[in-house]
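Position one of the sequence shown corresponds to residue 10 (my numbering), numbered consecutively onward. Note that the Cβ used here is the ideal one computed from N, Cα and C, for glycine as well. Working notes for the structure below.
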Amino acid sequence: MSVSKNTNQSKPTTKPAINTSSSVYQQAAGRHNLSMSEALQPYLDRKLALDNLDYSKRHARGQMSAAERVELLFDKGTFTEIAPLARESDLAANTKPSETPRDGIVVGYGKVNGRMVGAAAYDIQFRGGSMGKVCEWKFTRLKRLIKEQGFPLVIMSEGTGARLEEEVSSQGAYDNPQFTNLVALSGYVPIVVAVMGVCVGGHANLTAIGDFVPMTENSSMMLAGPPLLRTKMGVDTTLEELGGARKHVEQSGMGDLLVKDDRECIEKIKEFLGYLPNNCQEPAPQRHSRDNPERRCEALLEVVPSDLRFAYDIKKVVTELVDDGRFFEMQPAFAPNVVTALAHMGGRAVGVIANQPAYMSGTIDVKACQKISRFINFCDCFGIALVFLQDIPGFYPGPQSEADGIIRWSTRLLYEIGHTTVPRLTVMLRKAFGLAHYGMNSLGMEPDLLVAWPLASFSAISPDDAVEIMFGKQLAQIEDGEQRKQELIAEFEAKTTILPAAEAALVDDVIDPRDTRKVLIKALEMAKNRRQGHTFKRRGITPI
Numbered sequence: 010m011s012v013s014k015n016t017n018q019s020k021p022t023t024k025p026a027i028n029t030s031s032s033v034y035q036q037a038a039g040r041h042n043l044s045m046s047e048a049l050q051p052y053l054d055r056k057l058a059l060d061n062l063d064y065s066k067r068h069a070r071g072q073m074s075a076a077e078r079v080e081l082l083f084d085k086g087t088f089t090e091i092a093p094l095a096r097e098s099d100l101a102a103n104t105k106p107s108e109t110p111r112d113g114i115v116v117g118y119g120k121v122n123g124r125m126v127g128a129a130a131y132d133i134q135f136r137g138g139s140m141g142k143v144c145e146w147k148f149t150r151l152k153r154l155i156k157e158q159g160f161p162l163v164i165m166s167e168g169t170g171a172r173l174e175e176e177v178s179s180q181g182a183y184d185n186p187q188f189t190n191l192v193a194l195s196g197y198v199p200i201v202v203a204v205m206g207v208c209v210g211g212h213a214n215l216t217a218i219g220d221f222v223p224m225t226e227n228s229s230m231m232l233a234g235p236p237l238l239r240t241k242m243g244v245d246t247t248l249e250e251l252g253g254a255r256k257h258v259e260q261s262g263m264g265d266l267l268v269k270d271d272r273e274c275i276e277k278i279k280e281f282l283g284y285l286p287n288n289c290q291e292p293a294p295q296r297h298s299r300d301n302p303e304r305r306c307e308a309l310l311e312v313v314p315s316d317l318r319f320a321y322d323i324k325k326v327v328t329e330l331v332d333d334g335r336f337f338e339m340q341p342a343f344a345p346n347v348v349t350a351l352a353h354m355g356g357r358a359v360g361v362i363a364n365q366p367a368y369m370s371g372t373i374d375v376k377a378c379q380k381i382s383r384f385i386n387f388c389d390c391f392g393i394a395l396v397f398l399q400d401i402p403g404f405y406p407g408p409q410s411e412a413d414g415i416i417r418w419s420t421r422l423l424y425e426i427g428h429t430t431v432p433r434l435t436v437m438l439r440k441a442f443g444l445a446h447y448g449m450n451s452l453g454m455e456p457d458l459l460v461a462w463p464l465a466s467f468s469a470i471s472p473d474d475a476v477e478i479m480f481g482k483q484l485a486q487i488e489d490g491e492q493r494k495q496e497l498i499a500e501f502e503a504k505t506t507i508l509p510a511a512e513a514a515l516v517d518d519v520i521d522p523r524d525t526r527k528v529l530i531k532a533l534e535m536a537k538n539r540r541q542g543h544t545f546k547r548r549g550i551t552p553i
């Protein structure tokens, strides 16, 4: 069988001539002729330019640049920057690389006191430190590394929120899961959010996820700044009036600590991290101390008055009990009627929660509930044992307190205690009255240790209040009413001494105040492997 020859074969095509004189060809050909060092030079020049940016205006205001803050945070020579050559997204107006260096954020990781830490520092000098697409993808890259490797995150926040040049279009608006992946890190690794300037919008929201939020004196934060309030609400205000550092540190509780400047802020960040593990799966670092665990605290006999009506400074008690008298107080200016602090006892990290009789007699109001609840939540996340120093006259009553939600907030406090998995130890120093003693980890909350000092007084209500409620009307109608009132109070006081509670095994022991440190350290050793599970459920529904 013959096969016919294909006569329709296509002719070979002629390749188009290459224009060797075109700029594209010349540029490509030039790259092939470069040595590795010559090819690298333009990138080195770009990086060198980052070190020569003009921050003279910031320095004149006593502020550091973002890069300088990062340099001060990390051990010398350990910082590795992520994407230093980044620039603004093409969604924004046409810009040169020099106009948006790093796209307004310094991101990377390194060692802080020998431990790995990640950091992101917004640079307000470029695009107002706003959150651009490239900027946030850099940050997302760091958060992914932290999620995989498990080390703390420090955010140095200063900026104006969303970058309008990019996000004013639907294409550019909020497509980065910046808060979702930050929430995923919350409770897994320690998160510090330092407010080191003006923080508006998203920059302010970052702080609410932080475990520790220091604020420099001249900083401020708010969801919407004065210009927007003036335009939309007709309200004229200043940054300081709207969200100044003192307002947040003293009133809202959004700020944890007021610091003088950038340098002090970074020093406090380093100190804070020293009490914490790298992540929730590791134990908190122990601190070697020459302070003898068996040391008797003789000064406690003088610090705490025997008369329950006399005030004293609970911080002096804390100083006596902890290693070397050192502790790191959280939110000292917010709800000062309670003290929350990180410390070490016998080398172990502890969270101290104490009533402060020197302020509001140590009663627990709404703000105190917020402060203690947040601190318990934080300590429990990172395996830090809790030590309660109880001198509590009750929850703070009254119309305003009820309007502020004292019922729900006090329940939130009980909820947090009930959900803890770490050791909880309690010392009853003097008063333990009303439902509030549950909020300071009394027997009903199943503490790992409950001991009392010999002059402690324990009751559902204070003797004064009991007499007033039960006999007030009758006493007002008799001639010697005041004398009889004092007699009744004395009778009730005799019933509220700690001895009946000790006889009923409602406390583990009545101890010499001077032995308090020793007793607590022994209990911490006993409870160090505490494991407490919960009935299976998807999650708890918090009262707040």
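Alpha-carbon to alpha-carbon, residue j and residue i
i, j, result
"A101", "V143", "Bear in mind that a pLDDT of 49 at A101, under 50, signals an unreliable position, so the model cannot answer this."
"G404", "Q379", "One detail in the question is off: residue 404 reads as Phe in this sequence, not Gly. Rounded to the nearest angstrom, the two C-alpha atoms are 13 angstroms apart."
"L285", "P161", "9 angstroms"
"P463", "L515", "14 angstroms"
"L452", "S261", "32 angstroms"
"R304", "I520", "15 angstroms"
"Q290", "A503", "48 angstroms"
"D473", "G490", "14 angstroms"
"R357", "A293", "8 angstroms"
"M125", "P199", "12 angstroms"
"K241", "I323", "47 angstroms"
"M454", "A461", "16 angstroms"
"E534", "N386", "22 angstroms"
"T420", "P552", "7 angstroms"
"Q187", "K156", "13 angstroms"
"Y64", "K277", "24 angstroms"
"S166", "E425", "29 angstroms"
Residues near residue i by beta carbon distance below 7 angstroms, same chain, minus five either side
i, result
"Y321", "V312, V313, P314, P366 and A367"
"A445", "I373, I401, G403 and F404"
"L238", "V244 and T246"
"V476", "K494, L497, I498 and F501"
"L191", "K152 and I218"
"S468", "F442 and T505"
Rounded distance between the beta-carbons of residue j and residue i, thought under 8 angstroms
i, j, result
"T430", "N450", "Incorrect: roughly 14 angstroms between the Cβ atoms, too far for contact."
"V121", "F83", "6 angstroms"
"A363", "L398", "4 angstroms"
"A129", "L151", "6 angstroms"
"G414", "V361", "26 angstroms between Cβ atoms; not a contact."
"G119", "I91", "G119 to I91, Cβ: 11 angstroms. No contact."
"L215", "V202", "5 angstroms"
"L432", "R539", "First, the residue type needs correcting, since residue 432 is Pro and not Leu in the sequence shown. Yes, they are in contact, since the Cβ atoms of P432 and R539 sit about 5 angstroms apart, within 8 angstroms."
"G71", "D270", "6 angstroms"
Other residues of its chain near residue i: CB distance less than 6 angstroms, five sequence neighbours each side excluded
i, result
"V359", "A352, A394 and V396"
"D524", "none"
"M369", "N346"
Run of the alpha helix (DSSP H) containing residue i, from where it starts to where it stops
i, result
"S370", "No alpha helix (DSSP H) contains S370, which DSSP labels as neither H nor E."
"P402", "Premise fails: P402 is in no alpha helix (DSSP H) and is neither H nor E."
"F281", "D271 to L282"
"H353", "Careful: H353 lies outside any alpha helix (DSSP H), inside the beta strand (DSSP E) at V347 to M354."
"F319", "Premise fails: F319 is in no alpha helix (DSSP H) and is neither H nor E."
"L515", "First-last for L515: undefined, no H or E at that position."
"D473", "P472 to A485"
"I520", "It is not in any alpha helix (DSSP H) - I520 carries neither H nor E in the DSSP assignment."
Residue i - containing beta strand (DSSP E), residue span
i, result
"F83", "Where F83 is concerned, there is no enclosing beta strand (DSSP E), given that its DSSP letter is neither H nor E."
"G360", "R357 to N364"
"S468", "S466 to S468"
"F501", "No beta strand (DSSP E) holds F501; the alpha helix (DSSP H) holding it covers G490 to K504."
"L458", "L458 to A461"
"M339", "F336 to M339"
"V554", "Outside the shown range of the chain (10 to 553) lies residue 554, about which nothing can therefore be said."
Cut-off 8 angstroms between Cβ atoms - residues of its own chain near residue i, not counting five sequence neighbours on either side
i, result
"R335", "A352 and H353"
"E80", "F88"
"K279", "L82, V121 and N122"
Sequence ranges, beta strand (DSSP E) only - wholly within the region 116-161, length at least 3: 124-131
Complete alpha helix (DSSP H) runs within the region 185-240 (minimum length 4 residues, chain order): For the region 185-240, the full-length alpha helix (DSSP H) segments reaching 4 residues or more read 187-194 and 211-216 along the chain.
Contiguous beta strand (DSSP E) assignments of at least 3 residues, all confined to the region 425-455: 433-442
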